[in-house]
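Asker:
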Amino acid sequence: RIIPFTFFTEASINLADDEELMRLMVKAGFDTVFVGIESPNEESLVECNKLPNKNRDLLASVKKIQNHGMQVQGGFILGFDSDPLSIFRSQIDFIQKSGIVTAMVGVLMAPPGTRLYKRLKQENRLLPGGTGDNTDGSTNFIPRMGYEALARGYKHVVDTIYSPKPYYERIITFLKEYEPGTKTKLKFSLLHLIALVRSTWVLGVKEKGRMYYWKLVAWTLLKKPKTFPLSMTLAVQGFHFRKVAQKIRAPFTSGVPG
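Reading the sequence shown from the start, the letters are residues 1 to 258 in full-length UniProt numbering.
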């Protein structure tokens, strides 16, 4: 059955445990699901009470959803009290191995009225201000690992996963697992051709990471030609993500004591 559009939704990682539900979702036209992974660190999952993520192979669960025909987008958090200093490397490794192309990495915030906020207030760790946006590199409390360590680590994670080489490699990792189940009716027009030419000029000629772009193009055409439109769409999205990542380069020191 060919449909003119697809659906996007959010679900917990235990979606991977229900094969019938995944099959029916793909049949209905769902091709993308956002999952709150949060952290590969078990202690941090306990801290944020992310029970569905505990005691399971998160990588295997992500790949199972991909195998059933859905792209997994993921949410990740840095700054838990339980986070060791190695968490930044662990997050990068997990994101790369999982093939989660669109990884939304944020810094933990303590919204007023929450148990976390009350605890941090009792510990005298709250900071004034705070934007409420956990992806702009700001937070409203003093992290246990130290403010500067979190700032440097967060920037390192975002800069790394969205630089051309890791990003294009992640697309390939995803496409190796991905088995598209929904046939979407695509109407190719002159505008699509113009967009392809323009994106190829930017990504394949002007950008410094062009070598990795062409590796992606070649791999897709040789190994998974049916996913070429998706592959190129993800490549273009990566250019946007890099622009966003560049805006988070200034240290987030607003409200930091001393």
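In this text, a Cβ means the ideal position worked out from N, Cα and C, and glycines have one as well. Here the structure is a predicted model, which is why all the values come from computation and not from measurement.
With H, G and I counted as helix, E and B as strand and the rest as coil, what does DSSP make of G238?
Answerer: helix
Asker: Can the beta-carbon of I92 be found closer than 7 Å to that of S61?
Answerer: no
Asker: Count the C-beta pairs between the segment 167-182 and the segment 223-239 that are closer than 8 Å, then say yes if the count reaches three, no if not.
Answerer: yes
Asker: Per DSSP, L126 is paired with what?
Answerer: Beta-bridge pairing links L126 to F141.
Asker: Would DSSP call G204 helix, strand or coil?
Answerer: helix
Asker: What three-state label does DSSP hand E19 in the structure shown?
Answerer: In the structure shown, E19 sits in a helix (DSSP, three-state: H, G or I).
Asker: Would you check if the distance between the CB atom of K63 and the CB atom of E177 is smaller than 7 Å?
Answerer: yes
Asker: Cα separation between F228 and L221?
Answerer: Here the alpha carbon of F228 sits roughly 7 Å from the alpha carbon of L221.
Asker: Nearest to N67 by CA position, among V158, D18, H192, L108, is which residue?
Answerer: D18
Asker: Output needed for A11: all residues of its chain with C-beta closer than 7 Å, excluding positions within five of it in sequence on either side, in chain order.
Answerer: V33, V35
Asker: Count the other CB atoms, across all protein chains shown, that sit within 10 Å of the CB of residue 310; report buried if there are 16 or more and exposed otherwise.
Answerer: Look at the range of the chain in this structure, 1 to 258, and you will see that residue 310 is not part of it.
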